[in-house]
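Input: a single structure, listed below in structure tokens.
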Amino acid sequence: MTPSGSLLVAEGLRKTYGPTTALDGADFSIHPGEVVAVMGPSGSGKSTLLHCLAGIVPPDAGSIRYDGREMATMNDAQRSALRRSEFGFVFQFGQLVPELTCVENVALPLRLNGTSRKAAERTALSWMERLEVDGIGKKRPGEVSGGQGQRVAVARALVTGPRVLFADEPTGALDSLNGERVMELLTDAARSTNAAVVLVTHEARVAAYSDREIVVRDGKSRDMERVV
Amino acid sequence: MLRMSIGHTLLGLLESGPRHGYDLKRAFDEKFGQDRPLHYGQVYSTMSRLLKNGLVEVDGIEPGGGPERKRYAITDAGITDVERWLATPEKPEPYLQSTLYTKVVLALLTRRDAADILDTQRSEHLRMMRILTDRKRKGDLADQLICDHALFHLEADLRWLELTAARLDKLAEVVAK
Ligand SMILES: Nc1ncnc2c1ncn2[C@@H]1O[C@H](COP(=O)(O)OP(=O)(O)OP(=O)(O)O)[C@@H](O)[C@H]1O
Ligand SMILES: [Mg+2]
Chain A
39 MTPSGSLLVA EGLRKTYGPT TALDGADFSI HPGEVVAVMG PSGSGKSTLL HCLAGIVPPD
99 AGSIRYDGRE MATMNDAQRS ALRRSEFGFV FQFGQLVPEL TCVENVALPL RLNGTSRKAA
159 ERTALSWMER LEVDGIGKKR PGEVSGGQGQ RVAVARALVT GPRVLFADEP TGALDSLNGE
219 RVMELLTDAA RSTNAAVVLV THEARVAAYS DREIVVRDGK SRDMERVV
Chain G
286 MLRMSIGHTL LGLLESGPRH GYDLKRAFDE KFGQDRPLHY GQVYSTMSRL LKNGLVEVDG
346 IEPGGGPERK RYAITDAGIT DVERWLATPE KPEPYLQSTL YTKVVLALLT RRDAADILDT
406 QRSEHLRMMR ILTDRKRKGD LADQLICDHA LFHLEADLRW LELTAARLDK LAEVVAK
């Protein structure tokens with residue numbers, strides 16, 4: 039059964055690492071413009087689920103359909119093209135390139151897609167403005183605060199206009215004030231572009247920015263909306 | 286503990302088998318009455334209400350008389366009532382710990398899925414937290430501060446719930462004693 043209108047649907051995902059079962063029949067679905075929180079205890083399989091959904095890690099079994107296309111039938115080049123053009127990523131620690139300035143970091147995904155330097159940096163700056171970090175464009179990641187770096191990472195994730203934003207503990211390294219501001223800006227930006235957001239978090243105040251949540255426990259997912 | 290949940294708690298304790306009134310009080314005090322043991326009067330008024338509602342039945346009376354000599358057994362309707370109570374999340378508000386704690390312990394005692402209770406309650410809390418978060422985003426500074434206060438309290442409940450969930454196995458051992 040495909041929930042109608044879903045952009046990304048996964049069913050029966052399984053993934054083992056040696057003796058460890060990371061996913062044990064997990065399901066997931068998300069609509070365009072929807073923010074879904076993925077919650078659950080440490081080690082339950084949240085990040086593995088995100089990596090499978092994003093085509094970073096292939097599941098051992100199960101299906102993942104993005105926009106009607108089965109991911110398993112794509113080759114590596116197609117999958118990485120999909121990641122570059124349709125998906126955006128934010129992780130707990132910004133993972134910015136330390137040698138590049140902040141604006142160059144944000145512009146990087148556009149440069150990789152072949153956009154000219156000037157046009158890429160112009161778009162990058164407009165995203166940095168929205169995330170209130172346009173003042174630090176010339177600094178390198180090592181010279182900005184954690185909160186600023188994370189906003190730069192969010193700007194970089196959104197700069198290509200992705201249809202799905204994958205965020206794994208995006209506020210995990212921030213204090214609550216900065217964490218909430220990042221969530222506000224991230225969800226505002228995603229809503230304004232109708233991007234779907236897969237938000238892995240163990241913090242309820244962060245999950246409160248979502249439209250609904252699923253819980254992952256022992257590699258199995260539970261859609262709380264369909265339970266209650 | 287909220288007064289209204291005493292009935293459900295006593296019912297839950299009866300699920301493992303019939304008990305006398307004094308035995309019920311002892312089991313309750315031991316597991317849930319740390320700060321406030323039940324009065325015998327509370328036990329009997331509660332049991333007579335449960336009897337009237339058909340949730341328990343008298344299963345035998347020991348010779349010697351007196352209300353504490355009655356032995357009570359849970360009815361099918363009583364089991365359904367406990368089931369419904371455990372499955373229904375509490376209205377999110379500060380200081381729920383004792384009710385939530387009671388539900389989790391009862392679920393473990395009656396071999397129900399305690400993780401279910403935690404997930405359902407988290408979901409209910411999140412529902413309220415989303416409303417507060419939305420109000421906060423649209424409101425002025427005063428709204429933000431008021432909503433934040435409520436959000437931090439609800440979050441504290443949830444963090445306690447997560448911790449409890451992580452310790453369910455240990456709790457099950459302690460409770461089974
Ligand atoms: N690359 C890997 N190699 C081996 N085992 C892995 C790998 N990735 C994940 N695992 C294991 O799979 C299980 C699920 O891990 P996962 O990272 O998905 O959990 P998580 O829910 O994201 O946890 P956390 O909240 O701590 O980030 C864990 O037992 C983990 O040790
Ligand atoms: Mg993880």
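For the protein sequence lines, the chains are A and G, in the order given.
If you want the working numbering, it's the 1-based position in the first sequence plus 38.
If you want the working numbering, it's the 1-based position in the second sequence plus 285.
Positions of the beta carbon are idealized from the N, C-alpha and C atoms, including for glycine.
Comparing C-alpha distances from arginine 189 of chain A to each of A:Asp114, A:Ala233, A:Leu223, A:Val244 shows the shortest one belongs to A:Leu223. No Cβ of chain G is located within less than 8 Å of the beta carbon of proline 57 of chain A.
When secondary structure is reduced to three states using DSSP, leucine 237 of chain A falls in the strand class. When DSSP assignments are scanned along the region 169-219 of chain A, the uninterrupted stretches of alpha helix (DSSP H) that are 4 or more residues long and fall wholly within it turn out to be 184-196. Runs of the alpha helix (DSSP H) spanning 4 or more residues and lying entirely within the region 383-420 of chain G do not occur at all.
Close to glutamate 251 of chain A, with beta-carbon spacing below 9 Å, are these residues of chain G in chain order: Arg407, Ser408, Leu411. Less than 8 Å divides the Cβ of proline 70 of chain A from the Cβ of leucine 45 of chain A.
Not a single CB atom of chain A sits nearer than 8 Å to the CB of glutamate 375 of chain G. Within chain A, the C-beta atoms nearer than 7 Å to that of glutamate 440 of chain G come from Ala242, Arg243, in chain order.
In this chain, the beta strand (DSSP E) harbouring methionine 77 of chain A covers 73-77. For the 8 Å CB-CB criterion, lysine 316 of chain G and valine 390 of chain G form a contact. It is roughly 13 Å from the alpha-carbon of aspartate 114 of chain A to the alpha-carbon of glutamate 108 of chain A.
In the three-state DSSP reduction, tyrosine 307 of chain G falls in the helix class (H, G or I). Using a CB distance cut-off of 8 Å, methionine 332 of chain G does not count as an interface residue toward chain A. Residue nearest to leucine 298 of chain G within the set G:Pro348, G:Thr395, G:Tyr307, G:Lys337 is G:Thr395 (criterion: CA-CA distance). Within the region 208-224 of chain A, contact with chain G at the beta-carbon level (separation under 7 Å) is assigned to Glu222.
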